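Written out below as structure tokens is the structure these notes cover.
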């Protein structure tokens, strides 16, 4: 599904990301953990062709993302507020994304149904622009918009950050349902070790731009991760 | 799809918080646009006769043709200073299934219907109807207009391309301006005449209307150049004008030795130095030093006093006015920090005061050469300098508590109306009018120089009483700090 080859990103002489090999199989859910500055967001940005790698390529379904734009049709993503068109209302934004994928109003309402718990009556029919929502609610809008097109590949950067505890649990269940019902391939970064383990079957640890561990999730994973990050 | 993007653009504009909050401002903007539009229109209608009077020997069309190349060169120069790059908000679209090429076309086309490109039509169309059509016929006249529109668009696209390349080196823009001025000088000295060149170029277009296709081809070329460049660089970090990551202004640290006041001054200077908006405001202030060139050349003004007082206030005070109109909005991003840290409001205002005084004095010293025109200018500017640092500074502080809108410091200041409130216009009145009112009674008594002295004395006493006045400013600020803090927290 997704393949990263010899990718490097150098910022003013410093290696931010250096990954010789990384691949995600279709239907796989992979969690990316690492401390601040480990290069998680930079890696995601290169996968989404938002920054130019200093070296190497990213292939989505065998096509280089920097040369072909086919991946955009089956990839849903939300990294930060920069992905939102913040002067639209939430409904207008969903409508716009829906239009891009040829969805009718009915399709959009239907696909947003699973999000109603997460939205908690705070997102739709609010008569305010996205920029006026709280960070947490902006995140919910971004995630819903990323999932709206039923993407084959879903990329989320710290989806649990800024969410209240109930929303975190609701989002976790939502992502698990998407996995079982739609076999979505997921690449998710998180600082919340327990949530990401519950959603993903494979965990990668990124440290100083390098992939230091790549493991399948089992009952010991949380303990292993905690001991890894205990300094 | 282009229509959807356009509608987003439109929403981005009329939903922007600046636009929605400042109704008064929008009305003033509207009036300004109407005012300038009317001026250009009248100029366009009268240009035919006007040129006939100014240059009696030649036909109006030939004269205008002669200055056209100058017009386009200076147009390009002013665009460098004023026109913003359509760096656009493509970021929210890049990860969506919209072809990049379409986004790029959108960005480029969006730049066409701007004020810079359209306002000139108000001059050239009436001129074409009144002067070019009767002399050369409608077909040739249309080709002529077509060529002018083409060259305007060419400037538009050239600017987009080169400003992105050159934005890191503002000195090159200045050199370009100097080069244009040099061409005018060469023309004046008769060494090389761009005037005749321009005349023959546009004269040929009138003779062979087909040549109007040349600018069209040039526009297409410039468009393609931009398209190619953007296509290869659709990455947000490469699209935006390169930000300087280098830390600047560290050498100001020595100010920290002068206690709390010194530290606050250092902080404020770093704020100015490290943000685009305050920096460009100060650069603009430099242009006001040339204000004298316009007024001091006029004998009628030189004989009187009123106009000279006004010019003196503006020249020695412009940096203060420009920066002061946004006190304390400059600190809006970290205003809560200012309030919760151990910074006394007195020191907060004293720091601003002690930045304003040397800056005004510097502006004053730069205006001293105007004294060669008349010693009166030196006397008046001395008085207005004292008035600026003794009275106007505190008028600014008085009005500062009404600046409750947040400022985005990273945007340029030209045509940037964010944070400009009605209080700014009200503030200008006492600052400009009071000194003249002070002077008037002495004028009617027949002792104008005493009037100048009175202005200076009032200013001096304000300066001497600075401690008390600063204390008063601090108290005034404390009364209004909650309102300010609330205003700054709103996005």
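Protein chains in written order, with the UniProt record's numbering: chain A, 1 to 231; chain B, 1 to 491. In this text, a Cβ means the ideal position worked out from N, Cα and C, and glycines have one as well. Nothing here was measured: the structure is a model prediction, and the numbers come from that model.
Check                                                                                                                                    : Outcome
Buried versus exposed, by CB contacts within 10 Å (16 or more), residue 384/B                                                            : buried
Residue of 229/A, 217/A, 212/A and 183/A minimising C-alpha distance to residue 191/A                                                    : 229/A
For residue 78/A: DSSP bridge partner residues                                                                                           : 156/A
Assigned exposure category for residue 381/B - 16 Cβ within 10 Å defines buried                                                          : buried
Beta-ladder partner(s) of residue 214/A, from DSSP                                                                                       : 204/A
Three-state secondary structure (DSSP) of residue 122/A                                                                                  : coil
Reference residue 314/B, options 405/B, 197/B, 388/B and 438/B, closest by Cα                                                            : 388/B
Local Cβ density within 10 Å of residue 179/A, reported as buried at 16 or more and exposed below that                                   : buried
Residue 118/B beta carbon less than 8 Å from that of residue 222/B                                                                       : no
CB contact check: residue 43/A to chain B, cutoff 8 Å                                                                                    : no
Cβ neighbours of residue 160/B in the same chain (closer than 8 Å, five flanking residues each side left out)                            : 85, 86, 108, 111 and 226
Pairwise C-alpha distance: residue 408/B and residue 243/B                                                                               : Because the pLDDT at residue 243/B is just 48, under 50, the model does not fix this residue reliably, and the value given afterwards should be weighed accordingly. Approximately 16 Å, taken between the alpha carbons.
Alpha-carbon to alpha-carbon, residue 10/A and residue 245/B                                                                             : Reliability of the predicted coordinates at residue 245/B is poor, the pLDDT of 48 falling under 50, and the value obtained from them is presented with this limitation in mind. Each residue's alpha carbon lies about 15 Å from the other.
Length of the line joining the Cα atoms of residue 120/A and residue 160/A                                                               : 16 Å
Identity of the residue in 345/B, 34/B and 276/B nearest residue 410/B by Cα                                                             : 276/B
Contact belief for residue 230/B with residue 104/B at Cβ below 8 Å, rounded distance in angstroms                                       : 5 Å
8 Å Cβ cutoff met for residue 343/B and residue 264/B                                                                                    : yes
Any chain A beta carbon closer than 8 Å to residue 235/B                                                                                 : yes
Collapsed DSSP secondary structure at residue 227/B in the structure displayed                                                           : helix
Within chain A, the residues that residue 98/B reaches when beta carbons sit closer than 9 Å                                             : 69, 72 and 100
Proximity test, Cβ basis, 8 Å: residue 52/A and chain B                                                                                  : yes
Contact with chain A by residue 110/B, beta-carbon distance below 8 Å                                                                    : no
Simplified DSSP assignment, three categories, for residue 15/A                                                                           : strand
Runs of beta strand (DSSP E) lying entirely within the region 45–97 of chain B, each at least 3 residues, in chain order                 : none
For residue 289/B and residue 462/B, the rounded distance between their alpha carbons                                                    : 25 Å
Within chain A, partners of residue 4/B - CB distance below 8 Å                                                                          : 96 and 99
Cα-Cα separation, residue 47/B to residue 184/B                                                                                          : 21 Å
Contacts around residue 107/A, its chain only, beta-carbon distance under 8 Å, and the 5 residues preceding and following it disregarded : 98
Beta-bridge pairing of residue 9/A - partner residues as DSSP gives them                                                                 : 17/A
CB contact check: residue 228/B to chain A, cutoff 8 Å                                                                                   : no
Min CB distance residue 228/A to chain B below 8 Å                                                                                       : no
Neighbourhood of residue 258/B by C-beta, 8 Å cutoff - its chain only, sequence neighbours within 5 removed                              : 265
Any C-beta of chain A under 8 Å from that of residue 15/B                                                                                : yes
Unbroken alpha helix (DSSP H) run spanning residue 462/B, endpoints                                                                      : 448–464
Neighbourhood of residue 89/A by C-beta, 8 Å cutoff - its chain only, sequence neighbours within 5 removed                               : 126, 127, 128, 129 and 130
Exposure of residue 518/B, with buried meaning 16 or more beta-carbon neighbours within 10 Å                                             : Summary: the structure shown does not reach residue 518/B, with chain B confined to residues 1 through 491, and so no result is reported for it.
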